[in-house]
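Residue numbers (our numbering): 1 to 186.
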Amino acid sequence: MVVSPGEGSNIPSMRISRWVVAWILALPLLGIAEEEIADPEQGGRRNITLGAMFREEFAQQEGAKELKNGLLYRVEETGAGKTPKLSDRVKVWYEGRRVDGQIFDQTAENESREFRINRDVIPGWQEVLPLMREGDKWEVVIPPELAYGAKGHPFGKIGPNETLVFKIKLVQVLEPREKIPAPESP
């Protein structure tokens, strides 16, 4: 007698097995290393080591500069526009990578995104954007404590203690939005 899966047999359903296989195969695409799933602490320690090695190598490159907090940057293009304040909104083009070169987030080639510096971005960006001018393009290496720290990204894109590498172009410092007056009381 032949029994199909799901018809009273002990054979697991192929549909479930396919989902399990698909999930396992998708983990590297989500940027989650196997050891980070099995042992997030070990993955975090590995990321600390890889990040330190990357930062040390980057610091040796021509034109690389380091801030007191460990953030590294190198100017690729120099602009002549305005410099934003921490409270400003800006438009930026960017590409975010891990130290292994894998891109985890980016804007399209000729597009930019708008952010409020003091509210919408990680601390490393809050440090570097006010140092830039409109038209500047920098490569920035952000240590974990100025990125997503020991917990990583809430949606699993970035593991615990990952050093992040960004190319950031400051496209425009935006004018403050007009404040809408509060309605008058009757």
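Here a beta-carbon is modelled for each residue, glycine too, at the ideal position from N, C-alpha and C.
query = Roughly how many angstroms separate the alpha carbons of leucine 50 and glycine 81, rounded to a whole number?
reply = The alpha-carbon atoms of leucine 50 and glycine 81 are separated by roughly 36 Å.
ask   = How would you label arginine 119, buried or exposed, when you count the other beta carbons within 10 angstroms and need 16 or more for buried?
value = Label assigned to arginine 119: exposed.
key: Cβ-Cβ distance between phenylalanine 166 and glycine 70 below 7 Å   = Contact annotation: phenylalanine 166 and glycine 70 have beta-carbon atoms that are not nearer than 7 Å.
query = Roughly how many angstroms lie between the CA atoms of glutamate 111 and lysine 151, to the nearest whole one?
reply = Glutamate 111 and lysine 151: Cα-Cα distance of roughly 30 Å.
query = What did DSSP end up calling valine 128 once you bin it into helix, strand or coil?
reply = The DSSP-derived three-state label of valine 128 is helix.
request  = Take the Cβ of glycine 156 as the centre, count every other Cβ of all protein chains shown within 10 Å, and call the residue buried at 16 or more, exposed below.
outcome  = Glycine 156 is exposed by the Cβ-count criterion.
ask   = Could you check where the beta strand (DSSP E) with arginine 142 kicks off and where it finishes?
value = In the sequence as displayed, the identity of residue 142 is isoleucine instead of arginine. From DSSP, the beta strand (DSSP E) with isoleucine 142 extends over 137-142.
inquiry  = Using CA atoms only, rank isn't needed, just tell me which of Ala52, Arg45, Arg46 is closest to isoleucine 142.
reply    = For the residues Ala52, Arg45, Arg46, the minimum Cα distance to isoleucine 142 belongs to Ala52.
request  = Could you pull out every residue in the same chain whose Cβ sits closer than 7 Å to the Cβ of glutamate 66, ignoring the five residues on either side in sequence?
outcome  = Result list for glutamate 66: Ala59, Leu72, in chain order.
Coarse secondary structure for phenylalanine 155, derived from DSSP in three states = If DSSP states are grouped into helix, strand and coil, phenylalanine 155 belongs with coil.
key: Start and end residues, beta strand (DSSP E) containing arginine 113   = Its beta strand (DSSP E) spans residues 113-116.
Own chain residues within Cβ distance below 6 Å of glycine 124, not counting five before or after = Residues of the same chain with a CB within less than 6 Å of the CB of glycine 124, apart from the 5 flanking positions on each side, are Leu71, Ile142, Leu146, Ala147 in chain order.
task = Report the three-state DSSP secondary structure of proline 5 (helix, strand or coil).
result = Annotation note: pLDDT 44 at proline 5 (below 50); position unreliable, coordinate value reported separately. Of the three classes helix, strand and coil, the one that applies to proline 5 here is coil, per DSSP.
Identity of the residue in Leu129, Leu170, Pro176, Asn161 nearest glycine 44 by Cα = Considering only alpha carbons, the answer is Asn161.
query = Applying the criterion that 16 or more other CB atoms from any shown protein chain within 10 Å of the CB defines a buried residue, is aspartate 100 buried or exposed?
reply = Counting Cβ neighbours within 10 Å, aspartate 100 comes out exposed, since fewer than 16 surround it.
ask   = If you count every other CB in all the chains shown that lies within 10 Å of the CB of proline 144, and 16 or more means buried, which is it?
value = It counts as buried.
Neighbourhood of arginine 79 by C-beta distance below 6 Å, restricted to the same chain and skipping five residues each side = The amino acid occupying residue 79 in the given sequence is glycine; arginine does not appear at that position. Arg133, Glu134, Gly135, Asp136.
key: Backbone secondary structure at arginine 97 - three-state DSSP   = DSSP places arginine 97 in the strand class (E or B) of the three-state scheme.
key: Straight-line Cα distance separating glutamine 172 from glutamate 76   = For glutamate 76 and glutamine 172, the distance between alpha carbons rounds to 17 Å.
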